[in-house]
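J.: Counting with my numbering, you get residues 31 to 287 for the letters of the sequence shown.
Below you'll find the structure I mean.
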Amino acid sequence: MHANIIKLKIMKIGIIGFGRVGSSLFDFLEEKNLIVSPYSKSKRIGDFKRVILDSEIIFICVKDDLIPERVRKIDKLEINNKKHFIHLSGATPLPLLDPLKRKGHYTGKLHPIQSFSERNKEAFKNIYATFSGDKETLNILKDIFGKDLKIIELKEREQLLIHIACVFASNFPVYSIIKAEEILEKLNLEREILNPLIKTSIYNVIEKGAKNSLTGPAKRRDIRTIRVHKKILKNFKKDIYSIYNYLTKKILDERGL
Numbered sequence: 031m032h033a034n035i036i037k038l039k040i041m042k043i044g045i046i047g048f049g050r051v052g053s054s055l056f057d058f059l060e061e062k063n064l065i066v067s068p069y070s071k072s073k074r075i076g077d078f079k080r081v082i083l084d085s086e087i088i089f090i091c092v093k094d095d096l097i098p099e100r101v102r103k104i105d106k107l108e109i110n111n112k113k114h115f116i117h118l119s120g121a122t123p124l125p126l127l128d129p130l131k132r133k134g135h136y137t138g139k140l141h142p143i144q145s146f147s148e149r150n151k152e153a154f155k156n157i158y159a160t161f162s163g164d165k166e167t168l169n170i171l172k173d174i175f176g177k178d179l180k181i182i183e184l185k186e187r188e189q190l191l192i193h194i195a196c197v198f199a200s201n202f203p204v205y206s207i208i209k210a211e212e213i214l215e216k217l218n219l220e221r222e223i224l225n226p227l228i229k230t231s232i233y234n235v236i237e238k239g240a241k242n243s244l245t246g247p248a249k250r251r252d253i254r255t256i257r258v259h260k261k262i263l264k265n266f267k268k269d270i271y272s273i274y275n276y277l278t279k280k281i282l283d284e285r286g287l
């Protein structure tokens, strides 16, 4: 067996936070037969102090606004050995871990480029992630995740831009589909009728890229159809009308589309 694998199985890993990301990470690491201890205040799992003191690698998987409080709580502990502290928030700056770094610990920010809508260990497999922080921590993470996670080392600002790209690639399209489902609900139709269209659109984007997959009246410069749509939407739902207007104008204005 590889020396790094043996070492990792001996090293203890802590997970602070047991929501969708933390629980998925826990299941993923357990599947690798690693020693993992979780803590969650809301779910009453584990002991915070013991998880921190007994672990050598600690993943902070709480909500973004809770990270500073957890860091302050860790900072108050008397820790005698160097540890690796990694938070998994794409939008939270790495310097929030500076209080721990000043005490000699290694720190890092790991952002999995993935959507976690439920607890699912498979979500950590065969994906990309961005990283900023200490080289020592990066090397540990590469050993932990192996080929399952393709880690890209970036500067803090670049990592934040990738997070914004993820919002455009995932959150905004899903929100658009929510609006599409609202139209169907008004017509008493099931949302399943959109599934083939959604699947084909996603498949085309993956296979051909977004620019080569865009279709629709704005892409075709079909002004007559756009006018008909606007006329109907104006008296239907104001928010959908506004979103339609904005996105249609953006597509029409983009010469490269």
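Positions of the beta carbon are idealized from the N, C-alpha and C atoms, including for glycine.
Values in this document were obtained by computation on a predicted structure and should not be read as measured data.
(1) Would you mind working out which of A199, E188 and A153 sits nearest L179, comparing C-alpha positions?
(2) Under the DSSP definition of a beta bridge, which residues are partnered with E183?
(3) Does the ligand PLP have a heavy atom nearer than 8 angstroms to the CB of A240?
(4) Does DSSP put P123 in a helix, in a strand, or in coil?
(5) Contact defined as beta carbons within less than 8 angstroms: I believe R221 pairs with L214. What is the distance between those atoms, to the nearest angstrom?
(6) Using a Cβ-Cβ cutoff of less than 6 angstroms, which residues in the same chain neighbour S119 once the five nearest sequence positions on both sides are dropped?
(7) Alpha carbon to alpha carbon, how far is T137 from D128? Give it in angstroms, no decimals.
(8) Please report the residue range of the alpha helix (DSSP H) in which S145 lies.
(9) Below 9 angstroms between beta carbons: does that hold for C91 and L59?
(10) Sort out for me which residues DSSP pairs S70 with in a bridge.
(11) If you reduce the DSSP assignment to three classes, tell me which class L140 lands in.
(12) For I194, name the three-state secondary structure that DSSP assigns.
(13) Spatial neighbours of I157 within its chain, please: CB distance less than 8 angstroms, with the 5 preceding and 5 following residues excluded, ordered by chain position.
(14) From G134 to K112, what does the alpha carbon distance come to, in whole angstroms?
(15) If you draw a straight line from the C-alpha of K279 to the C-alpha of A248, how long is it?
(16) Report yes if the C-beta distance between L83 and I109 is below 9 angstroms; otherwise report no.
(17) Kindly identify the DSSP beta-bridge partner or partners of I208.
(18) Just the Cα atoms here: how many angstroms apart are K291 and E237?
(19) Within 10 angstroms of its Cβ, does R285 collect 16 or more other Cβ (buried), or is it exposed?
(20) Can you tell me whether DSSP reads H259 as helix, strand or coil?
(21) What distance in whole Å lies between the Cβ atoms of I43 and S85, which are believed to be in contact at a cut-off of 8 angstroms?
(22) I think T167 touches I88, with their Cβ atoms under 8 angstroms apart; what is that distance to the nearest whole Å?
(23) Suppose contacts are defined by Cβ-Cβ distances below 9 angstroms. Is H114 in contact with D77 by that definition?
(24) At what residues does the alpha helix (DSSP H) containing F115 begin and finish?
(25) Beta-carbon within less than 8 angstroms of D105's beta-carbon, same chain only, minus the 5 sequence neighbours each way: which residues are those?
(26) Should R102 go down as buried or exposed, given a rule of 16 or more other Cβ atoms within 10 Å for buried?
T.: For this structure:
(1) On the sequence shown, residue 179 is found 149 positions in, with the first residue counted as 1. Comparing Cα positions, the closest option is A153.
(2) For the purposes of this step, residue 183 is identified with residue 153 of the sequence shown, where counting begins at 1. Bridge partners of E183: F161.
(3) You won't find the ligand PLP in this model; it holds no ligand whatsoever.
(4) Start at 1 with the first residue of the sequence shown, and residue 123 comes out as number 93. Secondary structure of P123 (DSSP, three-state): coil.
(5) In the sequence shown, counting from the first residue as 1, residue 221 sits at position 191. In the sequence shown, counting from the first residue as 1, residue 214 sits at position 184. Yes, R221 and L214 are in contact; Cβ-Cβ is about 6 angstroms, under 8 angstroms.
(6) The residue you call residue 119 lines up with position 89 of the sequence shown. These residues qualify, in order along the chain: D94.
(7) Against the sequence shown, residue 128 aligns to sequence position 98. Against the sequence shown, residue 137 aligns to sequence position 107. If you take the alpha carbons of D128 and T137, they lie about 8 angstroms apart.
(8) Start at 1 with the first residue of the sequence shown, and residue 145 comes out as number 115. For S145, no alpha helix (DSSP H) encloses it, and the DSSP letter there is neither H nor E.
(9) Position 61 of the sequence shown, counted from the first residue, corresponds to residue 91. Position 29 of the sequence shown, counted from the first residue, corresponds to residue 59. With a cutoff of 9 angstroms on beta-carbon distance, C91 and L59 are scored as not near each other.
(10) Indexing the sequence shown from 1 puts residue 70 at position 40. Its beta-bridge partners are I75.
(11) As a position in the sequence shown, residue 140 is number 110, starting the count at 1. Secondary structure of L140 (DSSP, three-state): strand.
(12) In the sequence shown, residue 194 corresponds to position 164, counting from 1. Helix at I194.
(13) Taking the first residue of the sequence shown as position 1, residue 157 is located at position 127. Cβ neighbours of I157 beyond the five flanking positions: P142, I143, Q144, D178, L179 and K180.
(14) One-based indexing of the sequence shown puts residue 134 at position 104. One-based indexing of the sequence shown puts residue 112 at position 82. Separation of G134 and K112 (C-alpha to C-alpha, rounded to the nearest whole angstrom) is 6 angstroms.
(15) Here residue 279 corresponds to residue number 249 of the sequence shown, with the count starting at 1. Here residue 248 corresponds to residue number 218 of the sequence shown, with the count starting at 1. CA-to-CA, the gap between K279 and A248 works out to about 8 angstroms.
(16) For this step, residue 83 is matched to residue 53 along the sequence shown. For this step, residue 109 is matched to residue 79 along the sequence shown. When the beta-carbon positions are compared, L83 and I109 come within less than 9 angstroms of each other.
(17) Taking the sequence shown and counting its residues from 1, the one referred to as residue 208 is at position 178. The partner list for I208 (beta bridge, DSSP) is empty, contrary to what the question assumes.
(18) Summary: the structure shown does not reach residue 291, with the chain confined to residues 31 through 287, and so no result is reported for it.
(19) Within the sequence shown, residue 285 is the residue found at index 255, counting from 1. Counting Cβ neighbours within 10 Å, R285 comes out exposed, since fewer than 16 surround it.
(20) On the sequence shown, position 229 is the one that residue 259 refers to. Helix at H259.
(21) As a position in the sequence shown, residue 85 is number 55, starting the count at 1. As a position in the sequence shown, residue 43 is number 13, starting the count at 1. That pair is a contact at about 6 angstroms.
(22) Position 137 of the sequence shown, counted from the start, is the residue given in the question as residue 167. Position 58 of the sequence shown, counted from the start, is the residue given in the question as residue 88. Actually they do not touch by this definition, with Cβ atoms about 11 angstroms apart.
(23) What you label residue 114 is simply residue 84 of the sequence shown in a count that begins at 1. What you label residue 77 is simply residue 47 of the sequence shown in a count that begins at 1. No, they are not a contact pair.
(24) Locating residue 115 in the sequence shown gives position 85, counting from the first residue. Per DSSP, F115 belongs to no alpha helix (DSSP H); it is in the beta strand (DSSP E), H114 to H117.
(25) For the purposes of this step, residue 105 is identified with residue 75 of the sequence shown, where counting begins at 1. Correct list, in chain order: P129, L130 and K133.
(26) Position 72 of the sequence shown, counting from 1, holds the residue named residue 102. Exposed, since its Cβ has fewer than 16 Cβ neighbours within 10 Å.
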